[in-house]
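Step one of this worksheet: look at the structure below.
In this note's numbering, the protein residues as written are 1087 to 1460.
The structure is reproduced here in structure tokens:
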């Protein structure tokens, strides 16, 4: 197998890893105002979070439910983003012409994604630093918006990449921002958005306990029904335009695993339900890359030049060195991340959440004092 083909496959694997792992992070972030409610009903950003039968921060409050949700992704979200950084770096090194055309032509949407990732990271890291409801509301909005933007725009971007964009004979993108917001691309954005929401709801059901677990599973079934319709429509159009026999098979398997995952969630088997959406996203992404190959960015211009794994790649020497490095370090990264998921595999219960930021700080300080005295 040619090194160019090997690196195309490796980049596809990196994107698959990013979407199946970071996808549930996005879903959890976007579901904060939906599942962050107490016994009195819906509690969104800016609304009171006092439970009807317990004080704010108690085991049944909306604030506690939000902290359960965020704690479920706390050990994972920043590690999951490494897949994106590695995919971008691998593309830059292995296919520099692809990287240059993609990042120059898709500059504005990629910038919006970057801004979303930045404000989301700030929200996740600093939400618990100040004991203020106003502060937490602002951080909630940063998490929600910062999760929504990438979840939508990655679908838009990949639909355009596979379906083709105007690229001239000099390998330059000659379209504008609005060319990227065509109906099919927007449909692709809605597909990734809805899939990540379903994926995130099932992750919450898998990683939390109590009423939040049941609410998340019920919501996943509702979200999954709408997502299935959008995904089937989008995949059929994409495969009809760009697919081959292998990509059609992968798309069909993606649809079957999605239905199977929702069925298992309906039966109360959250682990199998989450596995279903996990495999669905992986197969759907693989179907796109199979449909794309041997192109990396096809052109829609009659006199344009499509970027392929051959004309967009680095030299064989560069690819050879990269291959040696990848063979050594990729297993190490996979083992470390697998170890992380294994260590933090248990559910997060509302009773594990301290009653308020100030209470948590005081408790930690008291514990340190008691330890020093002993």
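Just so it is clear, CB atoms sit at the ideal spot from N, CA and C, and this is done for glycine as well.
8 Å contact criterion, which residue i and residue j should meet: CB distance rounded
{"i": "residue 1305", "j": "residue 1287", "result": "5 Å"}
{"i": "residue 1211", "j": "residue 1169", "result": "The Cβ separation is near 19 Å, so there is no contact."}
{"i": "residue 1284", "j": "residue 1310", "result": "5 Å"}
{"i": "residue 1385", "j": "residue 1252", "result": "7 Å"}
{"i": "residue 1433", "j": "residue 1295", "result": "5 Å"}
{"i": "residue 1372", "j": "residue 1102", "result": "6 Å"}
{"i": "residue 1420", "j": "residue 1356", "result": "Residue 1420 to residue 1356, Cβ: 24 Å. No contact."}
{"i": "residue 1395", "j": "residue 1324", "result": "Between residue 1324 and residue 1395 the Cβ distance is about 20 Å, and since that is not below 8 Å, they are no contact."}
{"i": "residue 1333", "j": "residue 1281", "result": "With a Cβ gap of about 18 Å, residue 1333 and residue 1281 do not count as contacting."}
{"i": "residue 1118", "j": "residue 1155", "result": "6 Å"}
{"i": "residue 1344", "j": "residue 1362", "result": "6 Å"}
{"i": "residue 1187", "j": "residue 1258", "result": "7 Å"}
{"i": "residue 1096", "j": "residue 1176", "result": "6 Å"}
Sequence-distant residues of the same chain with beta carbon closer than 6 Å to residue i, five excluded per side
{"i": "residue 1163", "result": "1111"}
{"i": "residue 1370", "result": "1340"}
{"i": "residue 1392", "result": "1381, 1384, 1385"}
{"i": "residue 1219", "result": "none"}
{"i": "residue 1454", "result": "Reliability of the predicted coordinates at residue 1454 is poor, the pLDDT of 38 falling under 50, and the value obtained from them is presented with this limitation in mind. There are no such residues."}
{"i": "residue 1328", "result": "1248, 1377"}
Delimiting residues of the alpha helix (DSSP H) encompassing residue i
{"i": "residue 1099", "result": "1089-1116"}
{"i": "residue 1285", "result": "1269-1293"}
{"i": "residue 1431", "result": "Run containing residue 1431: none; DSSP gives neither H nor E here."}
{"i": "residue 1312", "result": "1297-1328"}
{"i": "residue 1152", "result": "1148-1159"}
{"i": "residue 1207", "result": "1193-1212"}
{"i": "residue 1333", "result": "1331-1352"}
{"i": "residue 1178", "result": "1168-1180"}
Residues near residue i by beta carbon distance below 7 Å, same chain, minus five either side
{"i": "residue 1275", "result": "1238, 1239, 1241, 1242"}
{"i": "residue 1106", "result": "1364, 1367, 1368"}
{"i": "residue 1129", "result": "Residue confidence is low: residue 1129 scores 42 on pLDDT, short of 50, so the model does not pin down where it sits. Its coordinate-derived value is still stated next. Same-chain partners within the cutoff: 1122, 1123, 1135, 1148."}
{"i": "residue 1423", "result": "1165"}
{"i": "residue 1206", "result": "1115, 1228, 1229, 1232, 1233"}
{"i": "residue 1194", "result": "1263"}
{"i": "residue 1225", "result": "1209, 1212, 1213"}
{"i": "residue 1246", "result": "1266, 1271"}
Nearest residue (CA-CA) to residue i, options the options
{"i": "residue 1399", "options": "1382, 1161, 1355, 1418", "result": "1382"}
{"i": "residue 1113", "options": "1159, 1088, 1089", "result": "1159"}
{"i": "residue 1201", "options": "1236, 1261, 1342, 1349", "result": "1236"}
{"i": "residue 1255", "options": "1273, 1389, 1188", "result": "1389"}
{"i": "residue 1430", "options": "1413, 1258, 1161", "result": "1161"}
{"i": "residue 1100", "options": "1172, 1221, 1089, 1223", "result": "1172"}
{"i": "residue 1290", "options": "1091, 1303, 1278", "result": "1303"}
{"i": "residue 1351", "options": "1335, 1307, 1375", "result": "1307"}
Limits of the unbroken beta strand (DSSP E) element including residue i
{"i": "residue 1382", "result": "1381-1383"}
Cutoff 8 Å; reference residue i; Cβ partners in own chain excluding five residues on either side
{"i": "residue 1179", "result": "1400, 1404, 1408"}
{"i": "residue 1298", "result": "1121, 1151, 1154, 1155, 1290, 1436"}
{"i": "residue 1261", "result": "1191, 1251, 1252"}
Residue(s) in a DSSP beta bridge with residue i
{"i": "residue 1251", "result": "1385"}
{"i": "residue 1259", "result": "1253"}
{"i": "residue 1394", "result": "1381"}
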